[in-house]
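Student: Going down the list, the sequences are from chains L and R. Our numbering puts the last residue of the first sequence at 198; the count rises by one with no breaks. Our numbering puts the last residue of the second sequence at 1198; the count rises by one with no breaks. All residues carry an ideal CB built from backbone N, CA and C; glycine is no exception. A quick note: this is a predicted structure, and the numbers were derived from the prediction, not measured. A single structure is presented below for examination.
Protein chains: 2
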Amino acid sequence: MASQEIEALANALARLPGLGPRSARRAVLHLMKRREGALQPLLAALQTVSERLSTCSICGNVDTRDPCTICADPRRDDKSLCVVEEVSDLWALDRSRLFPGRYHVLGGKLSALEGVRPEDLSIDKLLQRVGAGGIDEIVLAMNATLEGQTTAHYLAERLETYPVRLTQLAHGLPVGGELDYLDEGTLAQALRARRPVA
Amino acid sequence: MASQEIEALANALARLPGLGPRSARRAVLHLMKRREGALQPLLAALQTVSERLSTCSICGNVDTRDPCTICADPRRDDKSLCVVEEVSDLWALDRSRLFPGRYHVLGGKLSALEGVRPEDLSIDKLLQRVGAGGIDEIVLAMNATLEGQTTAHYLAERLETYPVRLTQLAHGLPVGGELDYLDEGTLAQALRARRPVA
Ligand SMILES: [Zn+2]
Ligand SMILES: [Zn+2]
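Here is the structure:
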C-alpha cells in the first residue's frame, strides 16, 4: 500500500517504546502531512543528537556534550553524589528535580546469573571520584531488586573506608520496582526519606 | 537536566500522535542507547522520506513517489474508485486490504461553517478521472458525519450524468457493537437502513 521508504519509517517508529505498528503508521502520516511543522523539526533534532551523542567521561550519562549537562552545571551540589545502575535511572531521578547533586552511572548491576562482575561496572571510576575528595554524601540509588541490593551492599563495603555518609533510597519502593517505571511521587518520597546504610 | 538538543528531540517526539512527554523521553533514551540499532535507522528513514515526499498528482495520496504506490500498482482494479475526504482515510481503508481498486482524495469536506466550497476540494480532478472513462463503480467513502454526508450528496449530484454505479459505505452497527453502548445517531442510522432478514 505504501512505498518501501514509508514502510521503513513506520517500522523504525514502531520499535520505539510506547508506539506500536498502528500508532507508528499514524505518526508517519502525521509527519508526512506536516512536512515543515513536524517532519523537518524531528529530522533536524535527530540529526543533531546523532552527531553529538556522547557518553559523559565523568558520570556515564548520555548527552550531546561531554561533560554532560549535569556534570557541567555549576549550580549542582558537588558534595552529593547519587549512584545509579543505568542512564535511564539517572533520567528518571533527575526528572523529579529533587536531587541537587551529581550522578554516577554504574552501567549495570552485579549479577552472578548474567556473569556481571565488579570490574564490568564503572566502580573504579566511582572510587576515583570519591577519592578525589569533596563528596560528603553518596546516595546508593539501586533498584529494589535482589541484584540491585546486592550491588548496593557491595558498593557500601568498597566505600566503607572513605569519609562519606552512605545513604540509600528509602524502601517503600514496591518490591521488584524499577526506578524507571515509578511515578515521581514515589520517587520523591523515597529520596526524601533516604537513610544511612546500616 | 538534559541538553537543549535532547530537549528539542524529546519535544519533537512528544508531538507525535500516541506519544506524550513522558514516553517521548523514554523514546529519546532508547534512541541514544541504541545508536546503531535504532537512532541511525530512524534517522535514515526520516531523511529518505523527507527528501522524496510528494503528493500524488493522480489521486492526492502522500507517498515517496509520484504516481503513488497505489496508482502505480498494475494489479489494482482500474474499474473501482474509492473517494475519501483525507489521506488518513485512504490509509485506514487500505490497511484493511479489502478494497482492490484505486482512490481519490478530496482533501477535505464541504463545510459552510469553515467556508470550504466545492472548488476548494479536488472535485474537478475527480470529474476528469471519471470522464476519462474505464470506471464502473465509485465508492463514496465519506465519514458518517453531517459534513461528510453533505459532501457525498453533492458528489452524487455532480456524478449523476456519468455512466458509473455510485455506492457508499453501509452505515449501521459496528461489528461487535452492543446496542446498549451505541450513540443514538448510529442506532437511528441502523434502524433507518434496516433490511429484510435473508
Ligand atoms: Zn556527566
Ligand atoms: Zn496516487
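On the CB-based measure, 16 or more other CB atoms within 10 Å of its CB, does Leu146 of chain L come out buried or exposed?
Tutor: When all chains shown are included, Leu146 of chain L counts as exposed.
Student: Near Thr241 of chain L, what residues of its chain come up, given a Cβ to Cβ distance below 8 Å and the 5 sequence neighbours on each side ignored?
Tutor: No information on residue 241 of chain L is available, as it lies outside the stretch 1 to 198 that chain L covers here.
Student: What would DSSP say about Tyr1162 of chain R, mapped onto helix, strand or coil?
Tutor: In the three-state DSSP reduction, Tyr1162 of chain R falls in the coil class, being neither helix nor strand.
Student: If you measure from each CB to the nearest heavy atom of ligand 1 and keep those under 6 Å, what residues do you get, in chain order?
Tutor: In chain order, the hits are L:Cys56, L:Ile58, L:Cys59, L:Asn61, L:Pro67, L:Cys68, L:Ile70 and L:Cys71.
Student: Spell out a yes or no on whether the stretch 14 to 24 of chain L and the stretch 1022 to 1038 of chain R are touching, meaning 3 or more CB-CB pairs, one atom from each, closer than 8 Å.
Tutor: Result yes; three or more Cβ-Cβ pairs closer than 8 Å.
Student: Mark Thr69 of chain L as exposed unless 16 or more other C-beta atoms lie within 10 angstroms of its C-beta, in which case mark it buried.
Tutor: buried
Student: Out of R:Gly1037, R:Gly1134, R:Val1116 and R:Ala1144, which one is the CA nearest neighbour of Arg1102 of chain R?
Tutor: R:Gly1134
Student: Smallest Cα separation from Leu42 of chain L: which of L:Gln4, L:Leu13 and L:Gln128?
Tutor: L:Leu13
Student: When you compare only the Cα positions, how much space is there between Leu53 of chain L and Ala1045 of chain R?
Tutor: Each residue's alpha carbon lies about 19 Å from the other.
Student: Could you tell me which of L:Leu155, L:Asn143 and L:Glu160 sits nearest to Leu187 of chain L, measuring between CA atoms?
Tutor: L:Asn143
Student: Mapping DSSP to helix, strand and coil, what is Cys1068 of chain R?
Tutor: Here DSSP, grouped into helix, strand and coil, assigns Cys1068 of chain R to coil.
Student: Name the residue from L:Ala27, L:Leu29, L:Glu5 and L:Val116 whose alpha carbon lies nearest to the alpha carbon of Tyr154 of chain L.
Tutor: L:Val116
Student: Going by the CB atoms, is the gap between Leu1121 of chain R and Gly1108 of chain R shorter than 9 Å?
Tutor: yes
Student: Quick one: does Pro17 of chain L have its CB under 9 Å from some CB of chain R?
Tutor: yes
Student: When every heavy atom of ligand 2 is checked, does at least one fall within less than 8 Å of the C-beta of Asp1078 of chain R?
Tutor: Checking every heavy atom of ligand 2 against the Cβ of Asp1078 of chain R, none is found closer than 8 Å.
Student: Going along chain L in order, which residues have a C-beta closer than 9 Å to the C-beta of Pro1041 of chain R?
Tutor: By Cβ distance, chain L contributes Ala8, Asn11, Ala12 and Arg15.
Student: For Pro1118 of chain R, which residues in the same chain have their Cβ closer than 7 Å to its Cβ, ignoring the five residues on either side in sequence?
Tutor: Counting only residues of its own chain and dropping the five nearest sequence neighbours on each side, Pro1118 of chain R has a CB closer than 7 Å to the CB of Leu1110 and Tyr1154.
Student: Who are Gly63 of chain L's beta bridge partners in DSSP?
Tutor: Reading off the sequence shown, one finds Asp at residue 63 of chain L, where the question assumed Gly. Answer is L:Ser54.
Student: According to DSSP, simplified to helix, strand and coil, what is Val197 of chain L?
Tutor: coil
Student: Determine the burial state of Arg129 of chain L: buried for a count of at least 16 other Cβ atoms within 10 Å of its Cβ, exposed for fewer.
Tutor: buried
Student: Run down chain R in chain order and give the residues with a C-beta less than 7 Å from the C-beta of Ala27 of chain L.
Tutor: Leu1016, Pro1017 and Gly1018
Student: With a threshold of 9 Å between beta carbons, is Ser1122 of chain R in contact with chain L?
Tutor: no
Student: Taking Met1 of chain L and Val1049 of chain R to be in contact with their CB atoms under 8 Å, please state how far apart those CB atoms are, rounded to whole angstroms.
Tutor: The pair is not a contact, with the Cβ atoms about 15 Å apart (cut-off 8 Å).
Student: Going straight from the alpha carbon of Ile123 of chain L to that of Leu90 of chain L, what length do you get?
Tutor: Distance from the CA of Ile123 of chain L to the CA of Leu90 of chain L, rounded to the nearest whole angstrom, comes to 16 Å.
Student: List the residues of chain L that His1030 of chain R touches, going by C-beta distances under 7 Å, in chain order.
Tutor: Leu16 and Pro17
Student: Could you tell me whether any non-hydrogen atom of ligand 2 is closer than 8 Å to the CB of Asp1200 of chain R?
Tutor: Because chain R in this structure spans residues 1001 to 1198, residue 1200 of chain R falls outside the shown range and cannot be described.
Student: Mind checking Gly176 of chain L: buried by the 16 CB within 10 Å criterion, or exposed?
Tutor: With fewer than 16 other Cβ atoms within 10 Å, it is exposed.
Student: Looking at chain R, which residues of the stretch 44 to 78 of chain L have a Cβ within less than 7 Å of any of its Cβ atoms?
Tutor: So the list reads Ala45, Leu46, Gln47, Thr48, Val49, Ser50, Arg52, Leu53, Val62, Asp63, Thr64, Arg65, Thr69 and Ile70, given in the order they occur along the chain.
Student: Does the distance from the CB of Val83 of chain L to the CB of Asn61 of chain L come in under 9 Å?
Tutor: no
Student: Using alpha carbons as the reference points, say which of L:Cys56, L:Leu179 and L:Asn11 lies closest to Ser96 of chain L.
Tutor: For Ser96 of chain L, the closest alpha carbon among the candidates L:Cys56, L:Leu179 and L:Asn11 is that of L:Leu179.
Student: When you compare only the Cα positions, how much space is there between Val1105 of chain R and Leu191 of chain L?
Tutor: Whole-angstrom Cα-Cα distance: 55 Å.
Student: Does the Cβ of Tyr1154 of chain R lie closer than 8 Å to at least one heavy atom of ligand 2?
Tutor: no
Student: I'd like to know if Val87 of chain L contacts chain R, where contact means its C-beta is closer than 9 Å to some C-beta of that chain.
Tutor: yes
Student: In chain L, which residues lie with their C-beta within 8 Å of the C-beta of Gln1005 of chain R?
Tutor: The sequence as given places Glu at residue 1005 of chain R; Gln does not occur at that position. By Cβ distance, chain L contributes Ala45, Thr48, Val49, Arg52 and Thr64.
Student: What residues of chain B sit near Ser23 of chain L, judged by a beta carbon separation below 9 Å?
Tutor: Among the protein chains of the structure shown, namely L and R, there is no chain B.
Student: How would you list, in chain order, the residues of chain L whose beta-carbon sits under 8 Å from the beta-carbon of Arg1035 of chain R?
Tutor: Ser50 and Leu53
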